[in-house]
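Enquirer: Going by the working numbering, the first residue of the sequence shown is number 508, and it counts up by one from there.
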Amino acid sequence: QVQLVESGGGLVQPGGALTLSCAASGLSFSIYAMGWYRQAPGKQRELVATITRGASGAYADSVKGRFTISRDDAKNTVYLQMNSLKPEDTAVYYCNAGGMAHGYWGQGTRVTVSA
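So this is what it looks like as structure tokens:
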């Protein structure tokens with residue numbers, strides 16, 4: 508049974524930083540491309556960042572230069588370092604393995620950016 512468990516969300520002030528983690532089990536983690544997505548209230552789920560098997564990252568324009576995705580295959584974990592957070596980054600952040608269409612999803616972790 509595949510499980511993706513996100514952690515690290517919370518309340519942070521604008522300009523602050525958070526690091527999200529996603530621990531995976533039940534799959535051969537190292538062969539999967541991993542991703543972070545987010546869904547703000549009243550909006551569709553959107554891609555934030557992806558990382559390939561070879562640890563090459565790609566980012567949405569809205570987070571480029573502020574967020575960094577990384578992975579530790581020894582720990583079956585993918586991370587999202589988020590710096591210079593803005594109120595518009597407020598959303599539930601979801602971890603994904605294997606792509607949006609047919610992949611696996613975590614339960615999400617809430618990030619709120621507010622003064």
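Using N, Cα and C, we set each Cβ at its ideal position, and we do this for glycine too.
Taking the beta strand (DSSP E) that M589 falls in, what are its first and last residues?
Expert: Stepping through the sequence shown from its first residue, residue 589 is reached at position 82. Residues T584 to M589.
Enquirer: In this structure, does DSSP put S537 in helix, strand or coil?
Expert: On the sequence shown, residue 537 is found 30 positions in, with the first residue counted as 1. Looking at S537 - three-state DSSP - the assignment turns out to be helix.
Enquirer: Residues in its own chain within less than 8 Å of A562 by CB, not counting five upstream and five downstream?
Expert: Against the sequence shown, residue 562 aligns to sequence position 55. So the list reads S577 and R578, once near-sequence residues are dropped.
Enquirer: So, do the segment 600-612 and the segment 529-539 have three or more beta carbon pairs nearer to each other than 8 Å?
Expert: The segment 600-612 is in contact with the segment 529-539.
Enquirer: What is the rounded straight-line gap between the Cα of Q614 and the Cα of A581?
Expert: By 1-based counting over the sequence shown, the position of residue 614 is 107. By 1-based counting over the sequence shown, the position of residue 581 is 74. Their backbone Cα atoms lie some 22 Å apart in a straight line.
Enquirer: Helix, strand or coil, according to DSSP, for D596 in the structure here?
Expert: One-based indexing of the sequence shown puts residue 596 at position 89. Three-state DSSP puts D596 in a helix.
Enquirer: Would a C-beta distance cut-off of 8 Å place L534 and V555 closer than the cut-off?
Expert: Locating residue 534 in the sequence shown gives position 27, counting from the first residue. Locating residue 555 in the sequence shown gives position 48, counting from the first residue. Their beta carbons are not under 8 Å apart, which means L534 does not touch V555 by this criterion.
Enquirer: Please name the residue or residues paired with R617 in a DSSP beta bridge.
Expert: By 1-based counting over the sequence shown, the position of residue 617 is 110. Paired residues: V599.
Enquirer: Considering just the uninterrupted stretch of the beta strand (DSSP E) at R578, what are its terminal residues?
Expert: The residue labelled residue 578 in the question sits at position 71 within the sequence shown. Start and end: F574 to D579.
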